[in-house]
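Enquirer:
Numbering (the working numbering), first residue to last: -1 to 181.
In structure tokens form, the structure reads like this:
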């Protein structure tokens, strides 16, 4: 009886430890995305320019406005994701299913951030960008999933996979625009 109780307690402690670690990575991701948003806006713009041949005029006022928009959207997404996680945590007692939902939510919001650089460049309002990305949630999750797993490898995730995720999101976005005739 004592062994079973100890096993149950260690399983519970492990679940709490893993969930806390995943939540920490999520919060770190938003802090990083907020601070690095000017870099990713630039990477996205250069990728779109290379892909489409279109050049984008630089305006300091617009650049600062885009940074503030990105920071505001990151904070909103942080709160939405946190409340979603807490909601699912309160409903689901099975640790494995909760972890899967947490990974998918985290991947969605990371992919959302990377796709939003494109929506921002095309001057979508925040609500229009949300609608667009919600309609393409599979793309957002698919873009965010590789980064989610690579962030656990410190240098690889932040220095290599994050810029690659931005480039992949931009290329996917440009292909969507081309397939819908929105050039």
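Backbone N, C-alpha and C define an ideal beta-carbon position, used for all residues, glycine too.
#1: Run through DSSP, which three-state label would residue 135 get?
#2: Should residue 112 and residue 35 be called a contact, given that it needs their Cβ atoms to be closer than 8 Å?
#3: Closest to residue 39 by C-alpha separation, out of 160, 178, 174, would be which residue?
#4: What first and last residue would you give for the alpha helix (DSSP H) that runs through residue 164?
#5: Using the three-state DSSP reduction, which class does residue 34 fall into: helix, strand or coil?
#6: Below 8 Å CB to CB, which residues in the same chain sit around residue 30 once its five sequence neighbours on both sides are set aside?
#7: By the 10 Å Cβ neighbour count, where 16 or more other Cβ atoms means buried, how is residue 51 classified, buried or exposed?
#8: Helix, strand or coil: which one does DSSP assign to residue 18?
#9: Which same chain residues end up closer than 8 Å to residue 15 when comparing Cβ atoms and leaving out the 5 residues on each side of it in sequence?
#10: Among 133, 138, 129, 66, which one has its Cα closest to the Cα of residue 168?
#11: Can you list, in chain order, the residues of its chain with a C-beta nearer than 6 Å to that of residue 32? Leave out the 5 residues immediately preceding and following it.
#12: Quick one: using the 10 Å Cβ neighbour count with 16 as the cut-off for buried, is residue 181 buried or exposed?
#13: Where does residue 53 sit, in a helix, a strand or coil, going by DSSP?
#14: For residue 37, which of 165, 177, 148 has the nearest alpha-carbon?
Expert: Straight from the coordinates:
#1: helix
#2: no
#3: 160
#4: 160 to 177
#5: helix
#6: 156, 160
#7: exposed
#8: helix
#9: none
#10: 138
#11: 69, 72
#12: At residue 181 the pLDDT is 45, less than 50, meaning the model places this residue with poor confidence; the figure from the coordinates comes in the next sentence. So residue 181 counts as exposed.
#13: coil
#14: 165
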